[in-house]
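Okay, structure coming up:
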């Protein structure tokens with residue numbers, strides 16, 4: 036049986052830190068430093084608005100998507116690896132992008148030598164991706180008037196949007212669930228489990244929660260601290276913060292599970308070669324003794 | 002192990018006999034094998050290349066454990082029919098490599114950028130030939146497949162890594178694969194996450210990325226039916242084993 040515990044929701048990790056970046060976005064500062072000190076030779080991510088993929092080559096060009104929208108990142112993979120011949124590429128994207136990337140790395144399909152070219156994978160905790168139209172519709176549904184979303188963040192286990200006029204809007208997961216990309220409704224990996232580091236945006240713009248998962252993520256941050264001490268400050272995250280993130284994920288994932296169960300029960304079609312992923316989850320969800328770690332979701 | 006069953010050998014002497022057979026194609030898949038470079042050296046002591054129209058001088062086709070078949074079969078060509086019969090007799094396992102052998106590829110419509118070879122019109126992928134149904138175990142998509150994929154595949158074949166090989170086994174029963182599948186199988190069924198992997202996998206840029214809706218858009222005129230897009234899509238077969246963190 037799948038237990039909606041921390042291990043399933045957030046995944047295994049080595050440590051969690053609140054990272055502070057001296058008045059700047061700490062993730063952007065970290066990527067800037069990494070390019071400057073040649074830890075990486077490029078950064079693959081999206082534009083600030085999140086609607087188009089972007090390959091960043093210089094440290095002063097670093098700008099990351101601030102909203103929960105980030106489409107088409109992998110479409111630049113071939114250009115980065117085969118045209119520019121990058122061998123130390125960092126990627127900043129949501130979990131679904133890393134599903135494609137990790138699959139490309141494991142099987143070798145899609146883009147040649149991706150296995151050795153990616154040096155750091157930083158995912159962000161994604162409550163579900165929206166298009167520009169989706170944001171407009173969601174904000175009008177919640178506030179009753181149109182508004183443009185500047186950034187999204189989590190505060191005490193709740194999802195918030197910071198609008199262009201400076202006001203903050205609390206977004207309930209049940210409302211948010213109606214506006215997200217249809218594939219995000221079946222996502223069970225919102226915390227970007229297949230990455231080195233997962234970032235969770237916090238209320239203060241200069242603070243981010245880092246969930247460091249791999250040895251590579253851990254040692255990269257350690258090296259960075261060594262070469263640029265004091266640029267970004269790391270403080271061990273308290274249990275309460277992680278619990279609040281976990282609570283949000285639990286609430287959202289239950290909505291996703293309800294959609295998966297409904298889809299399987301109705302027998303709606305799935306892609307060919309899908310390997311019955313949803314049906315497998317359905318079986319495990321309704322079983323008492325299957326170990327979820329043996330399966331991939 | 003399927004290719005060892007009828008062999009008597011000393012464990013340390015065993016070398017997997019592989020051969021490359023060429024039907025109608027550009028030979029790019031065989032060249033992709035050669036592109037493995039130094040990675041290929043790692044497996045040379047466990048693999049013996051017994052036949053290749055490009056790399057060996059041998060004219061007759063010997064018995065082999067694994068036959069990598071590239072290109073689509075030209076129904077009107079007697080040479081291809083003979084080759085088909087021989088490969089059916091001499092190979093224990095057949096791997097359809099590349100879009101032409103696996104799904105028909107450019108040969109499916111005879112509309113590629115090169116003339117049909119030979120000058121004939123009817124081409125079918127080997128995965129569709131009933132006579133070889135039990136022997137064609139795996140189909141590898143791509144035009145040509147990535148050298149890193151071929152290396153990983155060979156390694157998985159030697160190690161009998163069934164987890165890795167399973168998707169390629171499933172692909173033998175899917176005789177048609179093209180960019181249309183990305184639209185009909187993934188996007189239309191509500192599974193597209195908009196990651197752009199299909200777009201990067203496409204060798205002809207038939208799939209581009211639509212920024213407005215965050216989904217791929219497909220130009221059928223450029224598609225060579227190689228199946229890379231659907232194979233690369235994280236929503237098709239098993240994405241990857243769950244990472245283990247130490």
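Residue numbers (the working numbering), protein chains in the order written: chain A, 36 to 332; chain B, 2 to 247. Beta carbons: idealized from backbone N, C-alpha and C, even for Gly.
Review point. So is residue 109 of chain B in contact with chain A if we call contact Cβ pairs under 8 Å?
Key: no
(Q) Just checking: is the beta-carbon of residue 80 of chain A within a distance shorter than 8 Å of some beta-carbon in chain B? (A) no
- Message: Please list the terminal residues of the continuous alpha helix (DSSP H) segment that includes residue 141 of chain A.
- Response: 130-142
Residues from the stretch 174-188 of chain A in contact with chain B, defined by Cβ distance under 7 Å:
none
* According to the Cβ coordinates, are residue 158 of chain B and residue 151 of chain B closer than 8 Å? -> no
Check: Under 9 Å Cβ-Cβ, which residues of chain A neighbour residue 197 of chain B?
Finding: 88, 106, 107, 108, 109, 110, 111, 112, 132 and 135
Open item on the list: Considering Cα atoms alone, identify which of A/281, A/53, A/82 and A/206 is closest to residue 101 of chain A.
Closed with: For residue 101 of chain A, the nearest C-alpha among the options comes from A/82.
How is residue 240 of chain A classed by DSSP in three states: helix, strand or coil? coil
**Study point:** Per-residue DSSP class, three states only, for residue 115 of chain A
**Key:** Correct three-state label for residue 115 of chain A: helix.
Q) To the nearest angstrom, how far is it from the Cα of residue 186 of chain B to the Cα of residue 305 of chain A? A) 7 Å
Worksheet item: Got a sec: is the Cβ-Cβ distance from residue 145 of chain A to anything in chain B below 8 Å?
Response: Chain B, which has a Cβ nearer than 8 Å to the Cβ of residue 145 of chain A, makes this yes.
Chain A contacts from the stretch 176-196 of chain B (Cβ-Cβ distance under 8 Å): Residues are counted here when their Cβ sits less than 8 Å from a Cβ of chain A; for the stretch 176-196 of chain B these are 182, 186, 187, 190, 191, 192, 193, 194, 195 and 196, given in chain order.
Original post:
Going along the chain, which unbroken runs of the beta strand (DSSP E) with 3 or more residues stay wholly within the stretch 138-174 of chain A?
Top reply: 153-159
### Cut-off 8 Å between Cβ atoms - residues of its own chain near residue 114 of chain A, not counting five sequence neighbours on either side
Counting only Cβ-Cβ distances below 8 Å, and skipping sequence neighbours, we find 90.
- Task: Compute the beta-carbon to beta-carbon distance between residue 287 of chain A and residue 162 of chain A, rounded to the nearest angstrom, for a pair I have assumed lies under 8 Å.
- Result: Confirmed, about 6 Å.
Practice prompt. Would you give the residue range spanned by the beta strand (DSSP E) that residue 80 of chain A belongs to?
Written response: 77-81
With a 10 Å radius around its C-beta and 16 neighbouring C-beta atoms as the bar for buried, classify residue 59 of chain B as buried or exposed. exposed
- Message: Classify residue 13 of chain A: buried if its beta carbon has 16 or more other beta carbons within 10 angstroms, exposed otherwise.
- Response: Outside the displayed span of chain A (36 to 332) sits residue 13 of chain A, for which this structure offers no information.
(message) Under 9 Å, CB to CB, which of the residues in the stretch 213-233 of chain B have a partner in chain A?
(response) 213, 214, 215, 216, 217, 229, 230, 231, 232 and 233
| Name the chain B residues whose beta carbon is nearer than 9 Å to that of residue 227 of chain A? | Chain B residues near residue 227 of chain A: none, gap ~11 Å exceeds 9 Å.
Span of the beta strand (DSSP E) around residue 211 of chain B
208-211
query = DSSP on residue 332 of chain A, reduced to helix/strand/coil?
reply = Confidence at residue 332 of chain A is low in this model, with a pLDDT of 47, below 50, so the placement of that residue is unreliable and no value is reported for it.
Query raised in the report: On the three-state DSSP scale, how would you describe residue 141 of chain B?
Result: strand
For the stretch 197-211 of chain B and the stretch 270-279 of chain A, state whether three or more C-beta atom pairs, one from each stretch, are separated by less than 8 Å. no
Counting only beta-carbon separations shorter than 8 Å, does residue 218 of chain A have a partner in chain B? yes
*What are the start and end residues of the beta strand (DSSP E) that includes residue 316 of chain A?*
Following the DSSP letters along the chain, one finds residue 316 of chain A in no beta strand (DSSP E) but inside the alpha helix (DSSP H) bounded by residues 312-320.
Exercise for review: Sort A/197, A/236 and A/68 by Cα distance to residue 95 of chain A and report the nearest one.
Suggested key: A/68
Worksheet item: DSSP three-state call for residue 219 of chain A: helix, strand or coil?
Response: helix
Applying the 10 Å Cβ sphere with the 16-neighbour rule, what's the burial state of residue 33 of chain B?
buried
Discussion item. Could you compute how far the alpha carbon of residue 44 of chain B sits from the alpha carbon of residue 156 of chain B?
Written reply: 8 Å
**Prompt:** Under a three-way DSSP split, which group does residue 62 of chain B fall into?
**Reply:** In this structure, residue 62 of chain B counts as coil in the three-state DSSP scheme.
I want to see whether chain A comes within less than 8 Å of residue 172 of chain B, judged by CB atoms only; does it?
yes
- Just how far apart, CA to CA, sit residue 38 of chain A and residue 241 of chain A? 34 Å
- Contact belief for residue 165 of chain A with residue 127 of chain A at Cβ below 8 Å, rounded distance in angstroms: Incorrect: roughly 18 Å between the Cβ atoms, too far for contact.
**OP:** State yes or no: is the beta carbon of residue 40 of chain A nearer than 8 Å to at least one beta carbon in chain B?
**Re:** no
Along chain A, which residues have their Cβ under 9 Å away from the Cβ of residue 150 of chain B? In chain order: 142, 143, 144, 145 and 147.
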